[in-house]
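Numbering (the working numbering), first residue to last: 52 to 379.
Let me begin by presenting the structure, written as structure tokens, before commenting on it.
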């Protein structure tokens with residue numbers, strides 16, 4: 052580029068030199084030649100400067116030097132004096148031109164279509180993923196949710212699930228198998244009072260199940276006879292159908308009378324206990340907040356709770372009847 056610039060500068064200098072020589076050859080004398088030489092030098096230099104504004108310089112690395120763009124440079128005229136010439140170089144608005152071209156529009160439409168397809172696939176994938184996540188959540192919820200109570204239970208229970216129901220149903224006397232289970236008393240519904248439990252036990256005569264639990268998750272209890280009748284002295288009641296049970300050993304476990312004694316259960320105004328001989332198998336105090344358990348000779352059982360002394364989580368008393376014979 053620099054060579055082209057020099058050549059064009061040289062040609063323009065020669066052109067003006069020739070024109071000046073031809074005009075001065077007829078009118079000027081040899082004495083004026085030095086003056087003409089000076090004029091030729093000035094003209095060549097002026098056109099060289101003028102050409103440098105038209106053709107921007109190119110660096111050795113091929114980059115364009117724009118230091119003369121958008122500048123107002125004083126240029127000395129041929130007739131003396133200075134004048135300002137604005138050589139403002141502006142690039143073509145290629146963006147607007149390309150954007151308006153059919154090829155560009157076609158390309159943009161294709162790109163937009165591809166983006167829409169990608170977004171659609173992602174949306175479908177997200178929907179499928181959310182559906183899978185929803186299904187997984189529902190499955191996990193179903194696994195963690197408690198099992199529905201058996202149909203024979205007319206009320207909800209804190210302790211009885213399907214496994215415990217089947218176990219107890221197979222253990223109760225045959226006379227009440229197949230009957231409806233009615234919740235006669237619960238501390239959650241009726242408050243914490245042994246007297247209330249004794250009074251509610253009179254709603255249904257016959258065998259009844261006492262089910263309690265400790266704060267550590269053990270569920271245990273035993274079979275009694277309704278209605279419960281408190282005695283003034285320590286007088287044991289019940290038959291050899293009485294039993295105690297617990298879930299502390301990983302699965303429900305039943306202890307029936309061993310025949311060592313007839314201490315089946317004891318009911319007082321401020322105490323309810325099952326089994327005796329050494330320890331009560333299960334003993335509840337009058338406010339139904341605390342209890343004790345230990346090995347007894349009556350049932351040959353081990354401790355039914357997580358410890359010999361425990362805090363009660365809840366107390367339930369269940370009776371048995373046909374649905375048509377019981378009005379809540």
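C-beta: ideal position from N, C-alpha, C; glycine also.
Just so it is clear, the structure is predicted and the values come from calculations on it, not from any experiment.
In chain order, 234 place their CB closer than 6 Å to the CB of residue 206, counting only its own chain and leaving out the 5 sequence neighbours on each side.
Rounded to whole angstroms, the Cβ separation of residue 231 and residue 203 is 6 Å, and the two are in contact under 8 Å.
Inclusion of residue 257 and residue 331 in the CB contact set at 8 Å is not warranted, their separation being larger than that value.
Collapsing the DSSP output to three states places residue 228 in coil. Here the C-alpha atom of residue 303 lies approximately 30 Å from the C-alpha atom of residue 285. As a beta-bridge residue in DSSP terms, residue 336 pairs with 322. For residue 262, the enclosing beta strand (DSSP E) covers residues 257-265.
Distance from the Cα of residue 353 is smallest, within the candidate group 246, 295, 276, for 295. By alpha-carbon distance to residue 218, the top candidate from 273, 242, 347 is 273. Judged by DSSP secondary structure, residue 363 falls within the beta strand (DSSP E) whose first and last residues are 360-372. Per DSSP, the continuous alpha helix (DSSP H) segment holding residue 238 begins and ends at 238-241. In the DSSP assignment, residue 203 forms no beta bridge with any residue. In the DSSP secondary-structure assignment, residue 271 is bridged to 263, 297. If you draw a 10 Å sphere on the C-beta of residue 362, you find fewer than 16 other C-beta atoms in it, and that means exposed.
Spatial neighbours of residue 236 in its own chain (CB-CB distance under 8 Å, excluding positions within 5 residues in sequence) are listed in chain order as 247, 248, 251, 252, 366, 367, 368. For residue 280, the number of other beta carbons within 10 angstroms of its own is below 16, and it is reported as exposed. A buried status is given to residue 308, since no fewer than 16 other beta-carbon atoms sit within 10 Å of its beta-carbon. Here residue 341 is bridged, per DSSP, to 362. For a cut-off of 8 Å, the C-beta gap from residue 344 to residue 359 is around 6 Å, short enough to register as a contact. Assigned with DSSP and collapsed to three states, residue 222 falls in coil, not helix or strand. Your pair residue 311 and residue 328 checks out as a contact, with CB atoms roughly 6 Å apart and the cut at 8 Å. Restricting attention to 215, 373, 65, 58, the CA atom closest to the CA of residue 226 is found in 373. In summary, residue 238 is buried, with 16 or more beta-carbon neighbours lying within 10 Å of its beta-carbon over all protein chains present. Excluding sequence positions up to five before and after residue 215, its CB lies within less than 8 Å of the CB of 270, 298, 303, all in the same chain and listed in chain order.
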